[in-house]
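Working notes, structure below.
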Amino acid sequence: MKAIDIKMLRDLLNMRGQVMAIAFVIIAGVSVYVTMTSVGNTLQETLDTYYTEFAFADGFASVRRAPESLAERLRDVPGVNQVETRVSASVNLEIPGFNDPAMGQIVSVPEGNQPVLNRLFIREGRLVEPGRENEVILNEAFSEAHDLGPGDELTAIISGRRRTLTVVAIALSPEFLYQVQPGMLFPDPERFGIMWMGERALAAAYDMEGAFNDVSFTLAPNAVAEDVIDRMDLLLRPYGGEGAYPQADQPSHSLITDELDQLQAMAVMLPLIILAVAAFLLNIVVSRLISLQREQIAILKAFGYSNLAVGMHYIKMVLVIALASAAVGTVLGVWMGGAMSEMYLEYFKFPYLEYTLGWTVIVTAVVLTAGASLAGAVVAVRRALRLPPAEAMRPAPPPSFRPTILERLGLQRLFDQPTRIILRNLERQWVKAALTVVGISSSCAILIMGLFWGDVFDHIIRVQYGIAQREDITVTFVEPTSVSAIYELNSLPGVYYAEPFRSVPVRLQNEYRSHDTAIEGIPPEPYLRRTLDADLQPIPIPPEGLVLSQNLAEILNVRPGDEVRVEVMEGRRYERDVPVVGLTEQYLGLGAYMNLEAANRLSGVGDAISGAFLMIDEQYEDELTQALQNRPRIASIVSQDRAIAGFMDTAAESLLAMTFILSLFAGVIALGVVYNSVRISLSERDRELASMRVLGFTRGEISYILLGEMAILVLLAIPLGFGIGTIMSRLSIEALQTDMYQLPFILGSGTFALAATIVLISALISALLIRRRLNKLDLIGVLKTRE
Amino acid sequence: MMNSDSNIVFETRGLSKVYDMGEVQVHALRGVDLDLYESELVVLLGASGSGKSTLVNILGGLDTASEGSVLYRGKDLTRAADRELTEYRRHYVGFVFQFYNLIPSLTAAENVAIVTEIAQDPMTPLEALELVGLGDRANHFPSQLSGGQQQRVAIARAIAKRPSVLLCDEPTGALDSETGIIVLEALQRVNQELGTTTVIITHNVVQGEMAERIIDLKDGRITNIQQNEHKKAPHELKW
């Protein structure tokens, strides 16, 4: 090895504390980048292969009942490639040893064969055989939640009759990566499961022989989805079609796409911030190293090393730090990516998930790191090379100081000597001071970005489940039922109050914008399910007109006073123009509300209700559930706690895990910046501080000079970090808005306090490390050697 | 006189140097005319601030003149680009400084190697160290060597590339007289064995007695050039 490279390695070894502090920051940035990007790519690739291999359909539609002959006409629609008709039904389930209500969706499959579209991945067992009426294939998530396998039995209430079903296989389907019960927002594999049953058996049970109520299709190349869907709707409408929708709107697919988008947003923003901090740290450390080595540089140049050779020497040093850290960061990122992929495999139920790390990810990580590091170091290196060797060989002239602004204003009486030293130093090196403040504040900002999600979720739960939706249980009927059912519900044990609702499936349209949803008809002065204004105050439902959730109004581009075209997707399928009379604040899901009676008039079915919200005595919950389950007209029973738990498990959990990682990295950054800054100040000023010790200043007093300066910078950085963090949080919440979540921007004072505390603790740890060095300051040695 | 124009190594005419030290201007050299010859050993005498370091730095291509010219074997250094000066230093000049300026993270041999690695026809680091009597200290770090030893490593480093000139700025300035003499012996030996033109800066008049010529500098001007007829060996010097 060349002598100059040996010098580089020994120099690195001598600066190991600072090198490590920088390395940790780079490792943090690179590992976040590699983890997020590789997991994102892995999921995307897995998803693509899975969809292709298992023929995930391009579009879907439900009808009430259509004759099989219609399928041929659907196939003839221009732009349609394949069509597959099915029977799909929702059933109540009874599982031995499980007392809560459980629901299933049964989808038909050809006996003895795979379906053409949405094929099943059979994990275990076999396909249903012709002529066996009671065989089902269970979805893996549900089977795992209840520990059911081939050979086990469960009971389903099919068309009002209890039937014992035998599990013959455990399977997965590209259609149900996320299995969400209709009307719910989040998956709950214990209480909702998908199962597949033979076509004939299911059709017989639901009077669907020679008919279907569900259709999926693929598009021919170059077909325009919207056109195909319009034509399909025309064909399906007479049979109770509820509107076809493209793959993009398929619930499981759109949830997984949202998740991927979130991952990608995080994969870019966060590593960039962290690497920028690393670049800054490298800049200050290399600057200082170069000024300490100005004589060595002069010697190298005196002996004929060119500027390029000397410059490369320091650039190499920076690259060694950057590339070694990038390597460790990549390894760590791969490891975390593998673990995270495993987590997603559990969560999304892919049949397989091959963790792939593309070369491009590694190359990008290395280029990003090297680029950021060089950007940080190049300025310092160039400054060193500008010095002619003869000048570099002389000790640096004493830095020029002058009285600070405060002193020039005549305020010097307020400050003692040490404080003046601090202030003059800050003013002289204001660029470095400013960068240090920015570095520390970025760590504070990252903390806020991570921690504020807690505030957001608390707020969502408090508002959505505490003010807007106050029911304990939601009961829905199989079909619209007489209003008198509410009295029956009210009389059940443990029910304090039952509030009726009417759910009308509709397509809302404004010009070319449309959205399929259900209008919820509620009483004029609701007690349980309430609509809220922007100040979160309940607003009454006007006798006529629609109240839309903010985000639905945005999707349709309507304001109060505008009219929307409402196409009722049930009964006689009226089309009407209905005025929008109000907006409601709603964070989860898209909502359209109407007066109960007006909703009934709109649907044209007469006085009916679709279900009820119940407020109950929790002591009677089990008993009540039992009673409700035994009623064949009840389609689903959903408890509020479940909805909250579903929300926390789905959205909140992954983001809160992220918070932890962010806090860890933010702490590393704060530690890195503060430690390096103070460490460098110490090396620049050890002579000065030692002289003061010789003159009789105590350790405490000289620590004050060094650490007091840093304390000022930290205290300036925290409010700045609050500001930057607030802006970044707002940006990240906007990046993560989806149709499903309308995330409010909430930042609690607790978050600010916690972020500030973590920054202060990191600063304190750095201060203690430096204080130990100050105590070991070699008074005589420092004064004897020449600078 | 034995020297003729054909073996002039350096030729300076009207050499001046002004430093801008922030608010003050320092005139380090005020019109120096000087010729230095092949293989001679010259001592530059002068008080601190007399301009001797500036002169040597300009001769060595570490600094550039404000006015006047320096010719090295007929080539004008004042008009040379930075890259040419670098080449010049790399191949023809050896430096020895008062404070040794060894690289602390490298051993004695590595400190020499850092120069031999970029030179054209160098001796090995060990040969250079043996020439200054430090062959047995090759693997010591600067912090493990005495001042005199460090200075001898610096000399070994300077001569390892077989430079045609050796410029020494107060090589004994930080040493006691006994170690100073050992260092001077090393310099003389190099001068005799390799025939390297050697310039030694000092403010110690006694050291002039080992030179062929003694040049006095004061306030940036040459005040006297004296031919020394009775050259002494360093061990005969006393101060």
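Those protein sequence lines, which keep their order, are chains W and U. Residue numbering for the first sequence follows my numbering, beginning at 24 and increasing consecutively. Residue numbering for the second sequence follows my numbering, beginning at 158 and increasing consecutively. Just so it is clear, CB atoms sit at the ideal spot from N, CA and C, and this is done for glycine as well. Computed from a predicted model, the values in this text were never measured in an experiment.
- Distance between U/S334 and U/L234, taken at the CA atoms: about 36 Å.
- Not a single C-beta of chain W is nearer than 7 Å to the C-beta of U/A185.
- If you compare the alpha carbons of W/N574, W/G477 and W/G544 with that of W/E620, the shortest gap goes to W/G544.
- Annotation for W/R599: V589 and L625 place their beta carbon closer than 7 Å to its own, counting only its chain and skipping 5 residues before and after.
- The C-beta of W/K25 comes closer than 7 Å to at least one C-beta of chain U.
- When DSSP states are grouped into helix, strand and coil, U/G292 belongs to the helix group.
- Boundaries for W/A271: no beta strand (DSSP E) harbours it, and the DSSP string shows neither H nor E there.
- Residues of the segment 26 to 39 of chain W with a C-beta atom less than 9 Å from some C-beta of chain U are A26, I27, I29, K30, M31, L32, R33, D34, L36 and N37, listed in chain order.
- In this structure W/L161 touches W/L171 by the C-beta definition: roughly 6 Å separates them, less than 8 Å.
- The beta carbon of U/H387 sits closer than 8 Å to the beta carbons of E366 from its chain, once the five residues preceding and following it are set aside; these are given in chain order.
- Taking a Cβ-Cβ cut-off of 7 Å, the neighbours of W/P412 in chain U comprise L219, given in sequence order.
- The criterion of a C-beta distance shorter than 7 Å is satisfied by W/A192 and W/G148.
- Not a single C-beta of chain W is nearer than 7 Å to the C-beta of U/E369.
- Residue burial annotation: W/S182 is exposed, with fewer than 16 other C-beta atoms found within 10 angstroms of its C-beta.
- In the structure shown, the three-state DSSP call for W/D539 is strand.
- For U/F298, the secondary structure class from DSSP, reduced to helix, strand or coil, is coil.
- In this structure, the beta-carbon distance from W/R552 to W/Q492 falls below 7 Å.
- Among the bridge pairs identified by DSSP, U/K375 is matched with U/R378.
- W/F475 and W/A734 have their alpha carbons spaced roughly 26 Å apart.
- For W/T189, the closest of W/N236, W/A164 and W/E156 by C-alpha to C-alpha distance is W/E156.
- As summarised for the segment 436 to 517 of chain W, the continuous beta strand (DSSP E) elements at least 3 residues long and confined to that stretch are 496 to 504, given in chain order.
- If you compare the alpha carbons of U/I275, U/T264 and U/T273 with that of U/D293, the shortest gap goes to U/T264.
- When secondary structure is reduced to three states using DSSP, W/S329 falls in the coil class, being assigned neither helix nor strand.
- Annotation: W/V247 to W/V100 spans about 12 Å, alpha carbon to alpha carbon.
- Pairing U/G188 with U/Q384, the inter-Cα distance amounts to about 22 Å.
- For the pair U/N258 and W/L449, the Cα-to-Cα distance works out to about 32 Å.
- Residues of chain W with a Cβ closer than 8 Å to the Cβ of U/N258 are, in chain order, E318, Q319, A321, I322 and M416.
- Counting the other CB atoms within 10 Å of its CB gives W/W358 a total below 16, which places it among the exposed residues.
- Spatial neighbours of W/T504 in its own chain (CB-CB distance under 7 Å, excluding positions within 5 residues in sequence) are listed in chain order as A631, I632 and R656.
- Around the beta-carbon of U/G231, fewer than 16 other beta-carbon atoms lie within 10 Å, marking it exposed.
- Inter-residue distance for W/D272 and W/E76 is about 21 Å (C-alpha atoms, whole angstroms).
- Contact check for W/D539 and W/Y268: beta-carbon distance about 7 Å, within the 8 Å limit, so the pair qualifies.
- For W/A325, at least one C-beta of chain U is nearer than 7 Å to its own C-beta.
- Checking the DSSP bridge columns, you'll see W/A234 partnered with W/P90.
- Inside the segment 76 to 144 of chain W, DSSP marks whole alpha helix (DSSP H) runs of 4 or more residues at positions 92 to 98, from first to last along the chain.
- By the Cβ rule, the segment 759 to 779 of chain W does not count as touching the segment 291 to 303 of chain W, because fewer than three pairs are nearer than 8 Å.
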